[in-house]
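Down below is the structure, laid out as structure tokens.
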Amino acid sequence: MQRDHGAPTRRQALSMLGAGAAAAALPGAAIAQPTFPRGAVIRTLLKDFAPEELAGGATLFHEHMSLRDGFLTDWNRYAAEARTANAIPGGAAAGRGGAAPAGGAAGRGGAPAAGRAGAAPAPAPAIPQGNVLADEKFMTEEMSIARREGIGCIVDAGHPDMGRDVAFLRRISQASGLPIVASAGFYTQPFYPKELSGWSEQKIFDEVMKQVRANPTGALGEIGSWDYITREERKVFRAIGKVHLATNIPIFTHTGIPGKSALEQLDLLEDVGVDPRHVVIGHLGNLNDPTTEIQRAIIRRGAFIGFDRQGGTGDASVLAMAVSLINAGYSDNLMFASDLSSTREMKQAGGGGYSKTLTVFVPKIKAAGVSDEVLHKIMYDNPRRFLAFVPKIARSA
Ligand SMILES: [Zn+2]
């Protein structure tokens, strides 16, 4: 790694601060800091941070570090069913990274091509078997690598109905030194607990409040619609909106079929009184539309939009849309992340790892002409502006 003959001491110092790759990718030290509301915090599992304290690294607002065994298998099956119902080809970009065809370097976050003159191709690391999202040693190492590569804070988008394990997240955060934000909520129709269909909106509100009180909770998400938004999903959206009003905790969403119900998600939250500035409507990079009509409509209402499956095969189509939105003056409302969960995308399996939004996607968009200042804002400032809230309830232990 020490290929530079420049100033190893400084490089090492930056690396120890977890800012090495970030500083290399985005020299933005002179950029003005955003301002945050008085008393605002970013609530991570181990402590509440003043948002300014997390300025030294990029913040990823939507990733997965803990999911139950079998979750991704179920996810892929339900996704295939929804794509069939919507006449979308099965392998479309609508899928998770994990659904990418095996065996190619294409899905591996731009790993350098083997066969450079004279060098024998390095063997690809073996893909670990089993659920690495429950493997403490493996995930601690992924978090440590992400931190070294410039990530300063990371949001886990799971909650109980996805089999997210808070104690596990706490341990990997502690061991790696990477602050992790835990979420609360209910995910989407196929994953709701069976009894939810009989619950009132008030009961759903009470259940989410129980989650919020059980663990230090820094976000409500990902909550979503799997296909066209269902009656129960609407109830969850309204209840989550009311939890936000009771706590100030910000909300981020999942849209299942590209763009479908995206505007209605925001309607539902606004109808109960949520200010769109505290909302990210997610997965809108999957909505491959050069006019970016829906993305713009959401931004004009004040919400963030998530291009949150970055650093892989979908980058090309998202690049054009992101550049178009940035050129139209909408960069304050853009959020990038990778929604990582697939083993093959992990660094230890030869993938781009949790930092790939910063280390794989950002260089591409920079090459497309977007300035360091704008990219610094999107990677460092927008997610902190989104996550910072003035708590209405005390953090649990
Ligand atoms: Zn997700």
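Residue numbers (this note's numbering): 1048 to 1444.
Ideal Cβ placement from N, Cα and C applies to all residues, glycine included.
Just verifying my parser: in three-state terms, what is the DSSP assignment at Asp1379?
Within the sequence shown, the letter at position 332 stands for residue 1379. The answer is helix: DSSP assigns Asp1379 an H, G or I state.
Figure out for me which residue from Lys1411, Asn1262, Phe1096, Ile1192 has the closest Cα to the Cα of Leu1216.
Within the sequence shown, residue 1216 is the residue found at index 169, counting from 1. Closest by alpha carbon: Asn1262.
Assign Phe1433 to one of three DSSP states: helix, strand, or coil.
Numbered from its first residue, the sequence shown carries residue 1433 at position 386. Here Phe1433 sits in helix by DSSP.
Just tell me which of Val1213, Leu1114, Gln1236 has its CA closest to the CA of Ala1129.
Here residue 1129 is taken as the residue at index 82 of the sequence shown, counted from 1. Ala1129 has its Cα closest to that of Gln1236, out of Val1213, Leu1114, Gln1236.
Applying the criterion that 16 or more other CB atoms from any shown protein chain within 10 Å of the CB defines a buried residue, is Tyr1427 buried or exposed?
By 1-based counting over the sequence shown, the position of residue 1427 is 380. Buried, by the Cβ-count rule.
Please state whether DSSP places Ser1402 in a helix, a strand or coil.
Here residue 1402 corresponds to residue number 355 of the sequence shown, with the count starting at 1. DSSP places Ser1402 in coil when its eight states are reduced to three.
Using the three-state DSSP reduction, which class does Ala1161 fall into: helix, strand or coil?
Along the sequence shown, read from residue 1 onward, the residue named residue 1161 stands at position 114. Confidence in Ala1161 is poor, its pLDDT being 38 and thus under 50, which makes the residue's placement too unreliable to answer from.
Can you say whether Ala1440 is buried or exposed, counting buried as having 16 or more other CB atoms within 10 angstroms of its CB?
Position 393 of the sequence shown, counted from the first residue, corresponds to residue 1440. The sequence given here places Ile at residue 1440; Ala does not occur at that position. Ile1440 should be labelled exposed.
Quick check on Gly1361: does DSSP put it in helix, strand or coil?
Here residue 1361 is taken as the residue at index 314 of the sequence shown, counted from 1. Of the three classes helix, strand and coil, the one that applies to Gly1361 here is coil, per DSSP.
What is the C-beta distance between Ser1378 and Thr1339, in whole angstroms, given that I count them as a contact (C-beta under 8 Å)?
Stepping through the sequence shown from its first residue, residue 1378 is reached at position 331. Stepping through the sequence shown from its first residue, residue 1339 is reached at position 292. About 13 Å separates the two Cβ atoms, so there is no contact after all.
Please confirm whether Ser1230 and Ala1204 have their CB atoms less than 7 Å apart.
Numbered from its first residue, the sequence shown carries residue 1230 at position 183. Numbered from its first residue, the sequence shown carries residue 1204 at position 157. Their beta carbons are under 7 Å apart, which means Ser1230 touches Ala1204 by this criterion.
Looking only at its own chain, which residues have a Cβ that is under 6 Å from the Cβ of Gln1258, when we skip the five neighbours before and after it?
The count along the sequence shown starts at 1 and reaches residue 1258 at position 211. Once the five neighbours on either side are set aside, the close Cβ partners of Gln1258 are Ala1231.
If you drop the 5 nearest sequence neighbours on each side, which residues of the same chain put their C-beta closer than 6 Å to that of Met1186?
By one-based count along the sequence shown, residue 1186 stands at place 139. Around Met1186: Met1112, Ile1219.
Exposed or buried, which one is Val1437 when buried takes at least 16 other CB atoms within 10 Å?
The residue you call residue 1437 lines up with position 390 of the sequence shown. Label assigned to Val1437: exposed.
Take Lys1289 as the anchor and find which of Ala1102, Cys1200, Pro1081, Glu1248 has the nearest alpha-carbon.
Here residue 1289 corresponds to residue number 242 of the sequence shown, with the count starting at 1. Per the Cα distances, Glu1248.
Kindly indicate which three-state DSSP category Val1283 falls into: helix, strand or coil?
Here the question's residue 1283 lines up with position 236 in the sequence shown. Val1283 falls in the helix class under three-state DSSP.
Using the Cβ count rule (16 or more neighbours within 10 Å means buried), how would you classify Arg1347?
Numbered from its first residue, the sequence shown carries residue 1347 at position 300. It is exposed - the Cβ of Arg1347 has fewer than 16 other Cβ atoms within 10 Å.
Return the CA-CA distance between Asn1178 and Val1255, expressed in angstroms with no decimal places.
What you label residue 1178 is simply residue 131 of the sequence shown in a count that begins at 1. What you label residue 1255 is simply residue 208 of the sequence shown in a count that begins at 1. Approximately 27 Å, taken between the alpha carbons.
Taking only beta-carbon atoms, is Pro1237 less than 7 Å away from chain C?
No chain C appears in the structure shown, which is made up of a single protein chain.
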